[in-house]
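Worksheet: one structure, shown below.
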Amino acid sequence: MLAVWDEIERVGGAAAPGVQAKPLVVDGLKDGDILLCIQEGGIRGILLHNPGGRTPLPNTGVGRLHLVRQQFCRPGEPPKTYIRIDCLDKDLKIPFGFLANLVVDHLISGATPTRACLEAVRDFRRLLSRSGGPLPSQEEILGLTGELLLLDRLVRHRPDLWRGWNGPTGSTCDYTWGTTDIEVKASDQSGESRLTINGLNQLEPAEDRSLFIYHSILSPNPIGTIAVPQLADGIRAVVSESEEFDERLAQAGYLPEQRELWEEQRFTLHQTAMYAVTDEFPRIRRSSFPDGCLPPGITRLRFDVLLASASHLRLSEAGLTSTIRSME
Numbered sequence: 338m339l340a341v342w343d344e345i346e347r348v349g350g351a352a353a354p355g356v357q358a359k360p361l362v363v364d365g366l367k368d369g370d371i372l373l374c375i376q377e378g379g380i381r382g383i384l385l386h387n388p389g390g391r392t393p394l395p396n397t398g399v400g401r402l403h404l405v406r407q408q409f410c411r412p413g414e415p416p417k418t419y420i421r422i423d424c425l426d427k428d429l430k431i432p433f434g435f436l437a438n439l440v441v442d443h444l445i446s447g448a449t450p451t452r453a454c455l456e457a458v459r460d461f462r463r464l465l466s467r468s469g470g471p472l473p474s475q476e477e478i479l480g481l482t483g484e485l486l487l488l489d490r491l492v493r494h495r496p497d498l499w500r501g502w503n504g505p506t507g508s509t510c511d512y513t514w515g516t517t518d519i520e521v522k523a524s525d526q527s528g529e530s531r532l533t534i535n536g537l538n539q540l541e542p543a544e545d546r547s548l549f550i551y552h553s554i555l556s557p558n559p560i561g562t563i564a565v566p567q568l569a570d571g572i573r574a575v576v577s578e579s580e581e582f583d584e585r586l587a588q589a590g591y592l593p594e595q596r597e598l599w600e601e602q603r604f605t606l607h608q609t610a611m612y613a614v615t616d617e618f619p620r621i622r623r624s625s626f627p628d629g630c631l632p633p634g635i636t637r638l639r640f641d642v643l644l645a646s647a648s649h650l651r652l653s654e655a656g657l658t659s660t661i662r663s664m665e
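Here the sequence shown stands for residues 338 to 665, where the numbers follow my numbering.
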């Protein structure tokens, strides 16, 4: 989506005076339902076709975001009513691209343009609160660091492998490529090495798929060499879809505007390891309970696994390299 705005800046598009626009082609939506536009001064915007719309637009609560309902005319067509969303801060083009994706998702799911704006603005507001306020929790920062450590390893073998990264999208698995699924875990160096498993399905391989755990052990260190900005820079330098990668980072909570704050969250990396999740891997499964059901009144289960009991399932360096090479 960021590439569409970049193209408008390069070649322009027909629209009202002072505004350049281009339709965004999306499966499931009609041509012209969404236009991406740029007005004088380089301000990026989104136009949502909103025929007959009269519902009041949401108050953004964000001075850098402007919403208005207006008439707009495409070449050779009569004027139509659109909801226009403008980002008034050019430094926020990455999170604004994230907002545009949210709007599209809501429209595809059947939301009206007004409702899609309302829901997307709420998410955008939460995202901006991160850029201007506290960082995510230490646990979330540790988790993102672990996911980027995996991506750093993968893209060194093949740059496009980053695209299997699902962690920021809320998918059931942190990484998926072909028939390989990888759960990413990161823990600090304190006490016995263990993993925290959330739910019975997290370590349940799907049929005809291979499941692995990629685990990193880190410790906070003000002068450590491991930090999210540096990992992100290294991966971005290798991948060809750097803008898409930045959008995924924004979904994970990392924004370039916060770089100095994130650089304070440094770690020392002590160990990384990959484990094959087979029938021998220690875990609690649905089959551990009669009829595969949790006891009455229990809706969720969280448990810890001591990695020492899974040492025989740890892949050697050669085994890890072979697994990555097989991900074709």
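No residue lacks a Cβ here, since even glycine has one placed at the ideal position from N, Cα and C.
Does the separation of the CB atoms of Trp-342 and Arg-381 fall below 7 Å?
-> The count along the sequence shown starts at 1 and reaches residue 342 at position 5. The count along the sequence shown starts at 1 and reaches residue 381 at position 44. A contact, by the Cβ cut-off of 7 Å.
Buried or exposed by the 16-neighbour rule on C-beta atoms within 10 Å, applied to Asp-511 = For the purposes of this step, residue 511 is taken as residue 174 along the sequence shown, with counting starting at 1. Answer is buried; the Cβ neighbour count reaches 16.
Limits of the unbroken beta strand (DSSP E) element including Trp-514 | As a working mapping, residue 514 is identified with position 177 in the sequence shown. Unbroken beta strand (DSSP E) run through Trp-514: 512 to 514.
Can you tell which of Arg-573, Phe-618, Gln-408 has the C-alpha that lies nearest to the C-alpha of Trp-499?
-> As a first step, residue 499 is located in the sequence shown; it is residue number 162 there, counting from the start. Looking at the Cα atoms, Arg-573 is the closest of the given residues.
Start and end of the beta strand (DSSP E) containing Arg-381?
-> Residue 381 sits at position 44 when you count from the first residue of the sequence shown. Under the DSSP assignment, Arg-381 falls in the beta strand (DSSP E) whose first and last residues are 380 to 386.
Mark Pro-632 as exposed unless 16 or more other C-beta atoms lie within 10 angstroms of its C-beta, in which case mark it buried.
-> For the purposes of this step, residue 632 is identified with residue 295 of the sequence shown, where counting begins at 1. Within 10 angstroms of the beta-carbon of Pro-632 lie fewer than 16 other beta-carbons, which makes it exposed.
Which residues bound the beta strand (DSSP E) around Thr-605?
-> Numbered from 1 along the sequence shown, position 268 holds the residue referred to as residue 605. Boundaries of the beta strand (DSSP E) around Thr-605: 604 to 613.
Going by alpha carbons, who is nearest to Gly-369 out of Asp-489, Leu-384, Gln-357?
-> Your numbering for residue 369 matches position 32 in the sequence shown. Scanning Asp-489, Leu-384, Gln-357 for the CA closest to the CA of Gly-369 turns up Leu-384.
Kindly list the residues whose CB is nearer than 8 Å to the CB of Pro-542, restricted to its own chain and excluding five residues on each side of it in sequence; keep chain order.
-> Sequence index remark: in the sequence shown, residue 542 carries index 205 (1-based). If we look at Pro-542 and ignore the five residues flanking it on each side, its Cβ neighbours are Asp-518, Leu-548, Val-614.
Complete beta strand (DSSP E) runs within the stretch 390 to 430 (minimum length 3 residues, chain order) | If we require 3 residues or more, the beta strand (DSSP E) runs fully inside the stretch 390 to 430 come out as 402 to 409, 417 to 424.
On a CA-only basis, which of His-443, Arg-347, Glu-346, Ile-345 is nearest Val-363? Give me that one, please.
-> For the purposes of this step, residue 363 is taken as residue 26 along the sequence shown, with counting starting at 1. For the residues His-443, Arg-347, Glu-346, Ile-345, the minimum Cα distance to Val-363 belongs to His-443.
Consult DSSP for Phe-435 and reduce its assignment to one of helix, strand or coil.
-> Mapped onto the sequence shown, residue 435 falls at position 98. Phe-435 falls in the helix class under three-state DSSP.
Can you tell me which of the three DSSP states Ala-574 falls into?
-> Within the sequence shown, residue 574 is the residue found at index 237, counting from 1. Note: Ala-574 maps to coil in three-state DSSP.
Rank Pro-416, Arg-452, Pro-566 by C-alpha distance to the C-alpha of Leu-486 and give the top, closest one.
-> Residue numbering aside, residue 486 sits at position 149 when the sequence shown is read from its first letter. Taking only the C-alpha atoms, the option nearest Leu-486 is Pro-566.
Would you check if the distance between the CB atom of Thr-516 and the CB atom of Arg-546 is smaller than 7 Å?
-> The residue you call residue 516 lines up with position 179 of the sequence shown. The residue you call residue 546 lines up with position 209 of the sequence shown. Against a cut-off of 7 Å, the Cβ pair of Arg-546 and Thr-516 comes out as a contact.
Expressed to the nearest angstrom, what Euclidean distance is found between the alpha-carbon atoms of Pro-354 and Ile-420?
-> Residue numbering aside, residue 354 sits at position 17 when the sequence shown is read from its first letter. Residue numbering aside, residue 420 sits at position 83 when the sequence shown is read from its first letter. Low per-residue confidence applies at Pro-354: pLDDT is 49, beneath 50, and the placement is therefore not dependable, though the value from the model is reported in the following sentence. One C-alpha to the other measures close to 18 Å.
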